[in-house]
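These protein sequences, in sequence, are chains A and B.
Position 118 (the first sequence) corresponds to 118 in full-length UniProt numbering; numbering is contiguous.
Position 64 (the second sequence) corresponds to 64 in full-length UniProt numbering; numbering is contiguous.
For each residue, glycine too, the CB sits at the ideal point set by N, CA and C.
Protein chains: 2
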Amino acid sequence: MSQMQNVEKQLREMILGLEIGPGERLTERWIESRFGASRTPVRAALLRLETEGLVCRDGRGWTVSPINLAELEQIAVYREAVEVAALRLTCALEDRSAVDLLEAMLDSCDATTPREEWHRVGMDFHIELARLSGNEFLFRAVRDAMTRLSRARWLEVRDEAALGRAWAEHHALLAAVRAGDAGEAARRLSAHIVGSRDRLVASLRNDRRGLRARGFAVVAA
Amino acid sequence: MSQMQNVEKQLREMILGLEIGPGERLTERWIESRFGASRTPVRAALLRLETEGLVCRDGRGWTVSPINLAELEQIAVYREAVEVAALRLTCALEDRSAVDLLEAMLDSCDATTPREEWHRVGMDFHIELARLSGNEFLFRAVRDAMTRLSRARWLEVRDEAALGRAWAEHHALLAAVRAGDAGEAARRLSAHIVGSRDRLVASLRNDRRGLRARGFAVVAA
DNA sequence: GATACCATTTTGGGATACCAAACTGGTATC
DNA sequence: GATACCAGTTTGGTATCCCAAAATGGTATC
């Protein structure tokens, strides 16, 4: 693996894992020394992460993108458009055997599963569901949207009930897909996305003070 | 303007203007000497253009992305999802005065307008229409999709009638938006996109032999 | 104590040097 | 004539160096 991919991967994991907080300043030289690479691959990695929305320019320098509540709301609208479109394509397929794999993925989580895993499976569910459509652009759009939502979802305060509700909604969605009922599946997916967005934004808005105290920049909607 | 932006802009224009043909190999050193910049900004520019889909990696090196008919069809599906979503948002706005600007844009083209201008206006119409939605992600998605379609549309053989039809469809679409009839507008937009895609792909498939003879790589669907 | 100013340091943008891998062209062998 | 092989060249990946602009910090002035 090249140094660039190496830096890109590690830096992405640090940002998504909140090891570097939203809003934090980054210098190319710090990254350079942190990962033992020279500035050339560091700069290339930053350019890529910029297109993912994980870092952004701040005048001349670089900043880990803040959590932006207005942006989260816009992403939800974008997600709804592309995920529903992907879902309708999937429902139109003859071979829906891949639905079994998604159900297995959901069922791999139980009460003993660490929260980190729930988080990852929740994202991958939507990404893999979009992949089933066979449309590369819808798939990438969903993957990118989930990447941009990832940190915010991690910061969201979610109780057991909320996790269970999402899990149940995912299962119900798959049932509609399996039945080939595109309209019902689309309605369920839309409701799921809108509900998730509302809870997410409400949670972050409530915790905004506390998050900022932890050094996390959270920009209001 | 920085060297990187300079190289990025000029190289993008050369690729979109087909001065460098689809499928052509690129070397960092050729770009370096062509634009009088060193390899650092050249590499940065290539990384950005890669995310736009205009260049792609080819083993170790770089290639101007070929025209891919299967990709064009997928992009049309993607476009339809995001453009319709953006359009519905726009129809829900109270202030639809921006529609006047779009109509003026369309009306700036007449029989004396060069084909190049028709091409640009046809793309900008969709991009600006998406911008009206106010959703940054839907807007970017449409802009990126149009960028990826740009070269193929330029290669498409379009007679006067086809240009006129697109123009009329754009106008009819705006009329529905002005009336606030989201359903009608969405139907017209969907039909317009699907029709454009069919004509585009059919035209390129017909001309594939000739295009390849001109050195343009056109990958089959 | 606040502020304007200047020297120093830091930082990103760019240029260049070096290297290993891939490619090329020619040659020798069968 | 086809093929295996080898030296030379090209190329992308990386490290490093230089520079101008911006940030920093200390100091003198009011």
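- What residues are listed by DSSP as bridge partners for Cys109 of chain B? For this step, residue 109 of chain B is matched to residue 109 along the second sequence. Looking at the DSSP assignment, Cys109 of chain B forms no beta bridge with any residue, so it has no partner.
Which residues bound the beta strand (DSSP E) around Thr51 of chain B?
-> Taking the first residue of the second sequence as 1, we reach residue 51 of chain B at position 51. For Thr51 of chain B, there is no enclosing beta strand (DSSP E); the enclosing alpha helix (DSSP H) has its first and last residue at 39–51.
Item to check | Delimiting residues of the beta strand (DSSP E) encompassing Val77 of chain B | outcome: Position 77 of the second sequence holds residue 77 of chain B. It is not in any beta strand (DSSP E) - Val77 of chain B instead sits in the alpha helix (DSSP H) that spans 69–91.
Does DSSP put Gly61 of chain B in a helix, a strand or coil?
-> As a first step, residue 61 of chain B is located in the second sequence; it is residue number 61 there, counting from the start. Three-state result, Gly61 of chain B: strand.
On the DSSP bridge list, what partners appear for Leu26 of chain B? Position 26 of the second sequence holds residue 26 of chain B. Checking the DSSP bridge columns, you'll see Leu26 of chain B partnered with B:Trp62.
Backbone secondary structure at Val121 of chain A - three-state DSSP: Translated into positions along the first sequence, residue 121 of chain A becomes position 121. Helix at Val121 of chain A.
Q) Are three or more beta carbon pairs between the region 11–31 of chain B and the region 45–57 of chain B nearer than 8 angstroms? A) By the Cβ test, the region 11–31 of chain B is in contact with the region 45–57 of chain B, since at least three Cβ pairs between them sit closer than 8 angstroms.
(Q) I need the DSSP call for Gly157 of chain A, collapsed to helix, strand or coil. (A) Start at 1 with the first residue of the first sequence, and residue 157 of chain A comes out as number 157. Going by the sequence as given, residue 157 of chain A is Val instead of Gly. Three-state DSSP puts Val157 of chain A in coil, outside helix and strand.
Would you say Phe125 of chain B reaches chain A, if we count a Cβ-Cβ gap shorter than 8 angstroms as a contact?
By 1-based counting over the second sequence, the position of residue 125 of chain B is 125. Taking Cβ atoms only, chain A never reaches closer than 8 angstroms to Phe125 of chain B, which makes this a no.
Exercise for review: Decide if Asp100 of chain B is buried, meaning its Cβ has at least 16 other Cβ atoms within 10 Å, or exposed.
Suggested key: Position 100 of the second sequence, counted from the start, is the residue given in the question as residue 100 of chain B. Answer is exposed; the Cβ neighbour count stays below 16.
Less than 8 angstroms between the CB atoms is what I'm expecting for Glu73 of chain A and Val201 of chain A, so what's the real figure, rounded?
The sequence position of residue 73 of chain A within the first sequence is 73, counting from 1. The sequence position of residue 201 of chain A within the first sequence is 201, counting from 1. Right, their Cβ atoms sit about 6 angstroms apart.
*Reference Arg143 of chain B, options B:Val82, B:Arg60, B:Ser196, closest by Cα*: One-based indexing of the second sequence puts residue 143 of chain B at position 143. For Arg143 of chain B, the nearest C-alpha among the options comes from B:Val82.
Candidates A:Thr27, A:Ser97, A:Ala141, of which the one nearest Glu80 of chain A by Cα: In the first sequence, counting from the first residue as 1, residue 80 of chain A sits at position 80. Between Glu80 of chain A and the set A:Thr27, A:Ser97, A:Ala141, the nearest pair of CA atoms involves A:Ala141.
### Query
How do the region 154–166 of chain B and the region 191–205 of chain B stand: do at least 3 beta-carbon pairs fall below 8 angstroms, yes or no?
Verdict: yes, contact present.
* To do: Alpha carbon to alpha carbon, how far is Ala172 of chain A from Trp62 of chain B? Give it in angstroms, no decimals.
  => Locating residue 62 of chain B in the second sequence gives position 62, where the first residue counts as 1. Locating residue 172 of chain A in the first sequence gives position 172, where the first residue counts as 1. The alpha-carbon atoms of Trp62 of chain B and Ala172 of chain A are separated by roughly 45 angstroms.
Ile127 of chain A versus Ala85 of chain A: straight-line alpha-carbon distance, rounded:
Numbered from 1 along the first sequence, position 127 holds the residue referred to as residue 127 of chain A. Numbered from 1 along the first sequence, position 85 holds the residue referred to as residue 85 of chain A. The straight-line gap from Cα to Cα measures roughly 13 angstroms.
- Query: Can you tell me where the alpha helix (DSSP H) with Ser196 of chain A in it begins and where it stops?
  - Reply: Stepping through the first sequence from its first residue, residue 196 of chain A is reached at position 196. Unbroken alpha helix (DSSP H) run through Ser196 of chain A: 182–213.
Margin query: Counting only beta-carbon separations shorter than 8 angstroms, does Val77 of chain B have a partner in chain A?
Written below: Taking the second sequence and counting its residues from 1, the one referred to as residue 77 of chain B is at position 77. At least one chain A Cβ lies under 8 angstroms of Val77 of chain B.
I'd like to know whether the C-beta of residue 242 of chain A is nearer than 8 angstroms to at least one C-beta of chain B. Residue 242 of chain A is absent from the structure shown; chain A starts at 1 and stops at 221.
ask   = Are the C-beta atoms of Val177 of chain A and some chain B residue less than 8 angstroms apart?
value = Along the first sequence, one-based indexing puts residue 177 of chain A at 177. False, the Cβ-Cβ gap to chain B never drops below 8 angstroms.
By Cβ distance below 8 angstroms, which residues in the same chain neighbour Thr147 of chain B in space, the five residues on each side in sequence not counted? Taking the first residue of the second sequence as 1, we reach residue 147 of chain B at position 147. The residues are Leu16, Glu52, Gly53, Leu54.
Which whole-angstrom value describes the C-beta separation of Arg43 of chain A and Glu28 of chain A, a residue pair presumed to lie in contact below a C-beta threshold of 8 angstroms? If you number the first sequence from 1, residue 43 of chain A lands on position 43. If you number the first sequence from 1, residue 28 of chain A lands on position 28. With a Cβ gap of about 6 angstroms, Arg43 of chain A and Glu28 of chain A count as contacting.
(Q) Going by beta-carbon coordinates alone, are Ala92 of chain B and Ala182 of chain B separated by less than 8 angstroms? (A) Locating residue 92 of chain B in the second sequence gives position 92, counting from the first residue. Locating residue 182 of chain B in the second sequence gives position 182, counting from the first residue. The Cβ atoms of Ala92 of chain B and Ala182 of chain B lie closer than 8 angstroms to each other.
Margin query: Is there a C-beta anywhere in chain B that falls below 8 angstroms from the one on Ala186 of chain A?
Written below: The sequence position of residue 186 of chain A within the first sequence is 186, counting from 1. Not one beta carbon of chain B lies nearer than 8 angstroms to the beta carbon of Ala186 of chain A.
query: By how many angstroms is the C-alpha of Val7 of chain A removed from the C-alpha of residue 257 of chain B?
result: This structure leaves residue 257 of chain B out entirely; chain B is present only between 1 and 221.
With a threshold of 16 other CB atoms inside 10 Å of the CB of Arg115 of chain A, please say whether the residue is buried or exposed. Mapped onto the first sequence, residue 115 of chain A falls at position 115. In the assembly as shown, Arg115 of chain A is an exposed residue. Its beta-carbon has fewer than 16 other beta-carbons within 10 Å.
### Exposure label - Arg57 of chain B; buried when at least 16 CB within 10 Å
Along the second sequence, one-based indexing puts residue 57 of chain B at 57. Exposed, because fewer than 16 other Cβ atoms sit within 10 Å of the Cβ of Arg57 of chain B.
request  = Identify the contact partners of Ala220 of chain B in chain A, using a Cβ-Cβ distance below 7 angstroms as the criterion.
outcome  = Stepping through the second sequence from its first residue, residue 220 of chain B is reached at position 220. Close partners of Ala220 of chain B in chain A (Cβ separation under 7 angstroms) are lacking, with about 16 angstroms as the shortest Cβ gap.
Note to self: Please list the terminal residues of the continuous alpha helix (DSSP H) segment that includes Glu13 of chain B.
What the structure shows: Start at 1 with the first residue of the second sequence, and residue 13 of chain B comes out as number 13. That run of the alpha helix (DSSP H) goes 3–16.
query = Anyone know if the C-beta pair for Asn68 of chain B and Val77 of chain A falls short of 8 angstroms?
reply = On the second sequence, residue 68 of chain B is found 68 positions in, with the first residue counted as 1. On the first sequence, residue 77 of chain A is found 77 positions in, with the first residue counted as 1. The answer is no: Cβ separation not under 8 angstroms.
Rounded to a whole number of angstroms, what is the C-alpha to C-alpha distance between Trp167 of chain B and Phe125 of chain B? Sequence index remark: in the second sequence, residue 167 of chain B carries index 167 (1-based). Sequence index remark: in the second sequence, residue 125 of chain B carries index 125 (1-based). So the alpha carbons of these two residues sit roughly 10 angstroms apart.
- Arg120 of chain B to Val177 of chain B, Cα distance in whole Å? Position 120 of the second sequence, counted from the start, is the residue given in the question as residue 120 of chain B. Position 177 of the second sequence, counted from the start, is the residue given in the question as residue 177 of chain B. In this structure, the CA atom of Arg120 of chain B is about 22 angstroms from the CA atom of Val177 of chain B.
*Between the Cα of Ile75 of chain A and the Cα atoms of B:Ala179, B:Ala175, B:Phe137, which residue gives the shortest distance?*
For the purposes of this step, residue 75 of chain A is taken as the residue at position 75 of the first sequence. Cα-wise, what sits closest to Ile75 of chain A is B:Phe137.
Query raised in the report: Using a C-beta to C-beta distance shorter than 9 angstroms, which residues of chain B count as neighbours of Gln74 of chain A?
Result: Position 74 of the first sequence, counted from the start, is the residue given in the question as residue 74 of chain A. The contacting residues are Gly134, Asn135, Glu136, Phe137, Leu138.
Check: So which residues of chain B does Val42 of chain A contact, with C-beta pairs closer than 9 angstroms?
Finding: In the first sequence, the residue the question calls residue 42 of chain A occupies position 42. Within 9 angstroms of the CB of Val42 of chain A, no CB atom of chain B is found; the nearest one sits about 12 angstroms away.
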